[in-house]
Structures are given as structure tokens and as C-alpha cells.
Amino acid sequence: DLEVDGDGGSTIYTMGEVSQEGEWRTISLEPTSAALEYFGIEIDIQGLDLQGIVDQSEETGHERIEGTMNVEVLLVNGQVVEFQSQPTFVGVWIEPERVPEGAPSVCGDLCGITERCEPPADFPPSEFCAD
């Protein structure tokens, strides 16, 4: 089940582009930073970006994204955390009826019920959500 954490959840905003490279469609997001706190633990993520491939899911017939999440610096309570690899991620289409009430929406309520939410004034660009 999907869950939106209204009290402990956070939102991160970034921009990027999808481009065609030969037979592959790729997605690249602009690096962003985020300072979060969970249960008294301060987490500072610097230079977070995503790189991936956009393709068609054989299971759903909808687009999916698969790639890596890169972080330049990760600090936990002010201490640098060393890690050997960049985590992978998969982004999949979710049936509208499975999206929980109060979930943030790029072309709607950017925060939903999420308390820690500070979207930039120009996010998303007006042409992104044009009808």
C-alpha cells in the first residue's frame, strides 16, 4: 500500500529533462539539496540528482523510469557519511485509485498533507501543467 506521511514526510523539488539519445529516452534532473530532520536526526543531502532511462513497462503498459540517485555529500548530524555506491531507483505508474488522499501533486496541491513542504515560487513552470 502507498502511504503519505503528513507529519514526518518531506517534499523535494527539482527540474530536469527527458531527451532522446539514439533508441533510448533518458531523464536527467538538475542537482538539488535538501535539509531534513527525522526524530531528531539531521540529514543534509547535497547535490542530489537522478539519471535514468525512460521505457515502457511490460507489466502495466505505462512508462517507467529506472536509474541511479547520485549524491555529492551526505551529512547525518553534521558528520559526512561515506558510501561506496549510488542507490538505484525505479519509478512506476500508479493507478489513480491507489494514490492516497492528501498525496502531493505536481499540477495540483504541491504539498498535500505533507507538513515539511517549501516549494519554490516558480515551481512547476507554467507551461508544464498547461491544459
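In our numbering, the protein residues as written are 40 to 170. From the three backbone atoms N, C-alpha and C, an ideal C-beta is built for every residue, glycine too. Being a predicted model, the structure only gives us computed values, none of them experimental.
Given residue i as reference, the closest of the options once Cα atoms are compared
{"i": "Asp44", "options": "Glu166, Phe167, Cys168 and Glu154", "result": "Glu154"}
{"i": "Gly47", "options": "Pro159, Gly151, Pro163 and Asp161", "result": "Gly151"}
{"i": "Glu166", "options": "Cys156, Pro158, Glu157 and Cys146", "result": "Cys146"}
{"i": "Glu134", "options": "Gln125, Met54, Gly61 and Glu98", "result": "Glu98"}
{"i": "Glu42", "options": "Ala160, Gly141, Ser124 and Glu60", "result": "Gly141"}
{"i": "Pro70", "options": "Met108, Gln95, Val57 and Val129", "result": "Met108"}
{"i": "Gln85", "options": "Val115, Cys168, Val138 and Tyr77", "result": "Val115"}
Cβ-Cβ separation, residue j to residue i (assumed contact under 8 Å), whole Å
{"i": "Val93", "j": "Ile66", "result": "5 Å"}
{"i": "Ala73", "j": "Leu87", "result": "7 Å"}
{"i": "Thr53", "j": "Leu75", "result": "Not really, about 15 Å apart at Cβ, beyond 8 Å."}
Proximal residues to residue i (C-beta, below 6 Å), its chain only, five neighbours per side dropped
{"i": "Gly91", "result": "Ile66, Ile104, Glu105 and Gly106"}
Per DSSP, the bridge partner or partners of residue i
{"i": "Ile80", "result": "Tyr77"}
{"i": "Ile66", "result": "Val57 and Gly91"}
Contacts around residue i, its chain only, beta-carbon distance under 8 Å, and the 5 residues preceding and following it disregarded
{"i": "Gln118", "result": "none"}
{"i": "Leu113", "result": "Ile82, Asp83, Ile84, Gln85, Val119, Val120 and Phe122"}
>> Check whether the stretch 89-102 and the stretch 74-81 are in contact - that is, three or more C-beta pairs closer than 8 Å.
In response: no
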